[in-house]
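Residue numbers (the UniProt record's numbering), protein chains in the order written: chain U, 1 to 317; chain B, 1 to 534.
Glycine included, each C-beta is placed from N, C-alpha and C at the ideal position.
If you're wondering where the values come from, they're calculated on a predicted model, not measured in any experiment.
So the structure is just underneath, and the comments pick up after that.
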Amino acid sequence: MLAYTLQRLLYVIPVAFGVSVICFMLVHIAPGDPLTAVMPIDATAEQQAAMRAEYGFDRPLPVQFAIWLTNALQGDLGASIATGRPVASEVSRAVGNTLILAFTASLIGFPLGIFFGFVAGIFKDTLIDRAVTAFAITGVSVPNYWLGIVLVVIFSVTLGWLPSMGAGPGGSTNWAWDYEHLRFIILPAVTLAVVPMGIVTRTVRALVGDILSQDFIGALKAKGLSRFGVLRHVVRNVTPTTLSVVGLQLGYLLGGSILIETVFNWPGTGFLLSNAIFQRDLPLLQGTILVLALFFVFANLIVDLLQPLVDPRIKRG
Amino acid sequence: MFLKPLRSAALAVATVALLSTSALAAGTLRVGMTASDIPLTTGQTDQGGEGMRFMGYTVYDSLINWDLSSADKPSTLTPGLATEWSTDPEDRTKWTFKLREGVKFHDGSDFTADAVVWNLDKPLNDQSEQYDTRQAAQGASRIPSIASYKVVDPLTVEIVTKAPDATLPYQIAWIMFSSPANWEANGKDWEKVAANPSGTGPWKLTSFVPRERAELVPNTDYWDENRIPKLDKMVLIPLPEPNARSSALLSGQVDWIEAPAPDLVPALEGNGFEIVSNAYPHNWTYHFSRLEGSPWNDINVRKAANLAIDRAGLKQLLGGLMIEAKGFMPPSSQWFGNPEFDVKYDPDAAKEYLAKAGYGPDKPLTVKALISPSGSGQMLPLPMNEFIQQNLAEVGINVDFEVVEWNTMINIWRAGAADPSAQGAQSINFSYFIQDPFTGLIRHLSCDLIAPNGTNWGHYCDPEMEDLFKQIRNTFDPAEQDKVLQKTHEKYVNDALFLFVAHDVAPRAMSPKVKGFVQAQNWFQDFSTISIEE
Chain U
1 MLAYTLQRLL YVIPVAFGVS VICFMLVHIA PGDPLTAVMP IDATAEQQAA
51 MRAEYGFDRP LPVQFAIWLT NALQGDLGAS IATGRPVASE VSRAVGNTLI
101 LAFTASLIGF PLGIFFGFVA GIFKDTLIDR AVTAFAITGV SVPNYWLGIV
151 LVVIFSVTLG WLPSMGAGPG GSTNWAWDYE HLRFIILPAV TLAVVPMGIV
201 TRTVRALVGD ILSQDFIGAL KAKGLSRFGV LRHVVRNVTP TTLSVVGLQL
251 GYLLGGSILI ETVFNWPGTG FLLSNAIFQR DLPLLQGTIL VLALFFVFAN
301 LIVDLLQPLV DPRIKRG
Chain B
1 MFLKPLRSAA LAVATVALLS TSALAAGTLR VGMTASDIPL TTGQTDQGGE
51 GMRFMGYTVY DSLINWDLSS ADKPSTLTPG LATEWSTDPE DRTKWTFKLR
101 EGVKFHDGSD FTADAVVWNL DKPLNDQSEQ YDTRQAAQGA SRIPSIASYK
151 VVDPLTVEIV TKAPDATLPY QIAWIMFSSP ANWEANGKDW EKVAANPSGT
201 GPWKLTSFVP RERAELVPNT DYWDENRIPK LDKMVLIPLP EPNARSSALL
251 SGQVDWIEAP APDLVPALEG NGFEIVSNAY PHNWTYHFSR LEGSPWNDIN
301 VRKAANLAID RAGLKQLLGG LMIEAKGFMP PSSQWFGNPE FDVKYDPDAA
351 KEYLAKAGYG PDKPLTVKAL ISPSGSGQML PLPMNEFIQQ NLAEVGINVD
401 FEVVEWNTMI NIWRAGAADP SAQGAQSINF SYFIQDPFTG LIRHLSCDLI
451 APNGTNWGHY CDPEMEDLFK QIRNTFDPAE QDKVLQKTHE KYVNDALFLF
501 VAHDVAPRAM SPKVKGFVQA QNWFQDFSTI SIEE
């Protein structure tokens, strides 16, 4: 187990390095000039060159990468070109807001997904199964930004029950888990939860159905094990794969959603990323993508480390 | 797909929406901006015209301000922190600015000639302690003529230009003056000043959450009594997504939105929201390549294209939210003049001009145009360009579009028609600010500013036009200068130097509670006259 844990931890280093190379290169390959966002359109070529030098964009790419990586390893992601604010503080503020949203969406999406998946799996090929599957497929298929807009039209514009945008009555700075703030999170969290809920439902349904059809279940039943007892075995067999899928979906939720955060004006990482893309704010873009990619890496690491604990069959390393 | 449900839902619940708006605090105006972030708060704002509108002319002043008091006449320059300015008749490069007495920054410090010099060093002198890269990026290119400046006495400043330049007052109107004492008090750290800025303007910034909101309260000691705000508070909220902006207005979370999507205007009006618009110095046009081999070198082709556009039809497409172009400047501009070439829809005349140029049904003209699917001031670029494409095809000009993303488009505009990035296109659709002689006229056609030195995209260079530009810079009497500007614009139109299409009308939608707003014919606006009626 120790060897396995160490091996997984060591894997993180090349993966994280690869991630950092890719996110640095991606933003530099994309067309567009970061100075466009910070200089009036008719700034002279001389003024543009001076500004390019000031931001270090006149240096060779490998040098820019080396400087960026060295600073990033020390927790300094540089400063946003557009705002001059430190990228680390911009990203951490946005990550905080996305975490709040992701946490709320997880509370909605995962338990419901697991519950629906179990129900559909147990009652496989019945009307209940078909209804749940249809619901799950709809959840996965409906474009969530469209769903978000529809929810806004119904609950904000038409009924006037919930706010259509923002992260609290005075912005996100003083977030609290009270009704005044929760009102703002309901619509984006529900919208965000729909896709992971659908995916988890479908995964759990397939797993439960598959396990219930295996011989050992028949053997357990023949031994006279109660229905609840059989279900306990099913749960233990379903958990590792479900955990993997939940881990991936958690990464998706933590990554924030550009579309959902834009529709609801939620100041999270997706919103930040979209602004950084449109402004060609390279340091902000690099910093945000790096942090989000590392979220995925660490979410998967945690899942990998948890799996042997719940599934003794995994004896890697 | 979103619009229909929104429209019907909104119509059905007009009362609910209105009830929810009326339950809000008195005297607070909440504005949904199109910007994705709060504009730079330290003085020299970013985010173009919108930045200056909400964070420049609110918190700060310039030596020379824009007069924003009237909706009926073109906006002109007016004394700001300087009460008068003049050039030395013996040496036209020397300008003297007499400063307004008794003006204080929000932090209580005095506005003096020292503060003026300090503020000019801020973007221009990279050796000065207060030099700020971000403000320099925004400000330095706005005042290209300034060579030096000095304090003459506590209320007089002398500015020397590199060459005689009568457009200096327009350049100066871009420069915002922040408090040196406040910068000192904030540890000489612009990042700290950003959270606690101090200008001389009619509004004070009291709180600021990056990317989310900024709150401003009136400066009750403002030097111009007529511009002391009536509101208790103004809240600025970045809402870049048009549907999110409209939903926020419909659900009562904001009282005012910039640029409602044209499709949503009927729904907003149907719910009692007011749509306010006015002419302002904005232009939506096609630049022509004047490189060798370009068909646009022939005036007959240029005139034919200008006569082929059904601008009234285009206006209908935009729900009435545009002004039909009669030239490069909007017809109400003080610089429009009396051009002889009448820019109108006359497809038969267009075909005749094309025939003169040697094109006809048997030999149609094919041109390539760069367009963008979105972008600042672009209105609704795709449907508008498709409309124009159809119009031009009807007279015998086939247009192939090269669609590029807006940021890339800006780079191509800067690079010019001869650059490989222009992909051989003979025209580019662009939209921009044309509020002063430089941005409005000079930069597009000056020989010195042929790309990549400037934004003369098409490489146009004409001695007669150069002479007019020279006259603009050397005519120091404003009324006489206006006449030269009119003459210049007449040449723009008579020579059909661009495809004149449309001017935006800066539509904004607001709750019926918002009273007293006067939409000036300007990119900047005065929020002081506004009140909220409960």
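Residues that residue i contacts on chain U, provided the C-beta gap is smaller than 8 Å
{"i": "GLY293 of chain B", "result": "The contacting residues do not exist; GLY293 of chain B stays about 25 Å from chain U at best."}
{"i": "GLN138 of chain B", "result": "VAL38, MET39, PRO40"}
{"i": "TYR432 of chain B", "result": "ILE41"}
{"i": "ARG142 of chain B", "result": "PRO40"}
Short CB-CB distance (under 8 Å) between residue i and chain U
{"i": "THR285 of chain B", "result": "no"}
{"i": "PRO262 of chain B", "result": "no"}
{"i": "GLY440 of chain B", "result": "no"}
{"i": "ASN243 of chain B", "result": "yes"}
{"i": "ALA25 of chain B", "result": "Any reading at ALA25 of chain B must be qualified, since the residue scores a pLDDT of 39, below 50, and its modelled position is unreliable; no value is offered."}
{"i": "THR455 of chain B", "result": "yes"}
{"i": "GLU50 of chain B", "result": "no"}
{"i": "residue 535 of chain B", "result": "Lying before the first or after the last residue shown, residue 535 of chain B is absent from chain B, which here runs from 1 to 534."}
{"i": "PRO452 of chain B", "result": "yes"}
Outcome for residue i when other beta-carbon atoms lying within 10 angstroms are tallied against a minimum of 16
{"i": "VAL63 of chain U", "result": "exposed"}
{"i": "residue 548 of chain B", "result": "The structure shown does not extend to residue 548 of chain B, since chain B is modelled only from 1 to 534, so the question has no answer here."}
{"i": "ALA23 of chain B", "result": "The predicted model places ALA23 of chain B with a pLDDT of 38, which falls under 50 and marks its position as unreliable; any figure quoted below should be read in that light. Exposed, by the Cβ-count rule."}
{"i": "GLN521 of chain B", "result": "buried"}
{"i": "TYR170 of chain B", "result": "buried"}
{"i": "THR288 of chain U", "result": "buried"}
{"i": "ASN275 of chain U", "result": "buried"}
{"i": "THR41 of chain B", "result": "buried"}
{"i": "MET465 of chain B", "result": "buried"}
{"i": "ASN391 of chain B", "result": "buried"}
Min CB distance residue i to chain B below 8 Å
{"i": "VAL157 of chain U", "result": "yes"}
{"i": "ALA45 of chain U", "result": "yes"}
{"i": "ALA82 of chain U", "result": "yes"}
{"i": "ARG183 of chain U", "result": "no"}
{"i": "THR262 of chain U", "result": "yes"}
Three-way DSSP call (helix, strand, coil) for residue i in this model
{"i": "MET1 of chain U", "result": "coil"}
{"i": "ALA49 of chain U", "result": "helix"}
{"i": "ASN398 of chain B", "result": "strand"}
{"i": "THR45 of chain B", "result": "coil"}
{"i": "ARG443 of chain B", "result": "helix"}
{"i": "PHE135 of chain U", "result": "helix"}
{"i": "TYR353 of chain B", "result": "helix"}
{"i": "HIS106 of chain B", "result": "coil"}
{"i": "SER86 of chain B", "result": "strand"}
{"i": "TYR460 of chain B", "result": "coil"}
{"i": "GLY360 of chain B", "result": "strand"}
{"i": "PHE97 of chain B", "result": "strand"}
{"i": "ILE450 of chain B", "result": "strand"}
{"i": "TYR11 of chain U", "result": "helix"}
{"i": "SER531 of chain B", "result": "strand"}
{"i": "GLY171 of chain U", "result": "strand"}
{"i": "ASN119 of chain B", "result": "helix"}
Cross-chain neighbours of residue i in chain B, by beta carbon under 8 Å
{"i": "GLU54 of chain U", "result": "THR133"}
{"i": "PRO267 of chain U", "result": "ARG211, GLU212"}
{"i": "SER172 of chain U", "result": "VAL209, GLU212"}
Chain-ordered chain B contacts of residue i [CB-CB under 7 Å]
{"i": "MET1 of chain U", "result": "Within chain B, no residue comes near MET1 of chain U; the closest Cβ sits about 44 Å away, beyond 7 Å."}
{"i": "PHE57 of chain U", "result": "In chain order: nothing, as chain B lies at least about 13 Å away."}
{"i": "VAL152 of chain U", "result": "SER247"}
Amino acids of chain U, ordered along the chain, whose beta-carbon sits closer than 7 Å to that of residue i
{"i": "ILE410 of chain B", "result": "THR36, ILE41"}
{"i": "LEU250 of chain B", "result": "VAL157"}
Beta-carbon neighbours of residue i, restricted to chain B and to distances below 9 Å
{"i": "ASP33 of chain U", "result": "ASN407, THR408, ILE410, ASN411, ARG414"}
{"i": "PHE278 of chain U", "result": "SER36, PRO240, TRP406, ASN407"}
{"i": "ARG85 of chain U", "result": "GLU191, ALA194, PRO210"}
Fill in: Unbroken stretches of the alpha helix (DSSP H), 4 residues or longer, contained in the region 32-92 of chain U
35-38, 45-55, 61-73
Fill in: Sequence ranges, beta strand (DSSP E) only - wholly within the region 127-211 of chain B, length at least 3
146-153, 156-161, 203-209
Practice prompt. Can you check the region 240-302 of chain U for any alpha helix (DSSP H) of at least 4 residues that lies completely inside it and give the ranges in chain order?
Written response: 258-263, 269-279
Practice prompt. With a floor of 3 residues, list each beta strand (DSSP E) that falls wholly inside the region 319-347 of chain B, ordered by position along the chain.
Written response: none
Item to complete: Starting from the N-terminal side, write out each stretch of the beta strand (DSSP E) that is 3 residues or longer and does not extend beyond the region 205-282 of chain B.
Response: 213-218, 233-238, 256-258, 274-276
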